[in-house]
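So the sequence shown is numbered by our numbering: it starts at 1325 and just counts up by one.
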Amino acid sequence: NPAATRAGCDERSRLADVLSMLAWAIGRTREDAPVSFEVACLPHSPRPTCIPLRAVREPASGADAIITVLLPEELS
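Pasting the structure below:
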């Protein structure tokens, strides 16, 4: 949107923000618990809004894990 563009936000930087906040939140959460965190964004105005997100970790082969990031209402 225009407000985000004026603030210098693009898709790559927003993804970096989400992944950085997710990494921080994972470091503060037990391994088996869902992870809750927030990311500030500029939806339709120059004032930032915090968007709550949830991440669910699922085991995969080896030491890898599958991480899914969702809006809170998408978690069932």
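For every residue, glycine included, the Cβ atom is placed at its ideal position computed from N, Cα and C.
Can you say whether residue i is buried or exposed, counting buried as having 16 or more other CB atoms within 10 angstroms of its CB?
| i | result |
| --- | --- |
| A1379 | buried |
| R1377 | Before going further, note that residue 1377 is Leu rather than Arg in the sequence given. Answer is buried; the Cβ neighbour count reaches 16. |
What residues are listed by DSSP as bridge partners for residue i?
| i | result |
| --- | --- |
| S1344 | In DSSP, S1344 forms no bridge with anything. |
| S1360 | R1378 |
Excluding the five sequence neighbours on either side, which residues of its own chain have a C-beta within less than 6 Å of the C-beta of residue i, listed in chain order?
| i | result |
| --- | --- |
| L1394 | R1378 |
| V1359 | A1349, I1350, T1353, A1379 |
| R1381 | A1389, I1391 |
| D1334 | none |
Looking only at its own chain, which residues have a Cβ that is under 8 Å from the Cβ of residue i, when we skip the five neighbours before and after it?
| i | result |
| --- | --- |
| V1342 | V1363, L1377, V1393 |
If you drop the 5 nearest sequence neighbours on each side, which residues of the same chain put their C-beta closer than 7 Å to that of residue i?
| i | result |
| --- | --- |
| P1383 | A1389 |
What are the complete beta strand (DSSP E) segments, minimum 3 residues, inside the segment 1363 to 1396? Taking only runs of at least 3 residues, the beta strand (DSSP E) segments lying wholly in the segment 1363 to 1396 are 1373 to 1383, 1389 to 1394.
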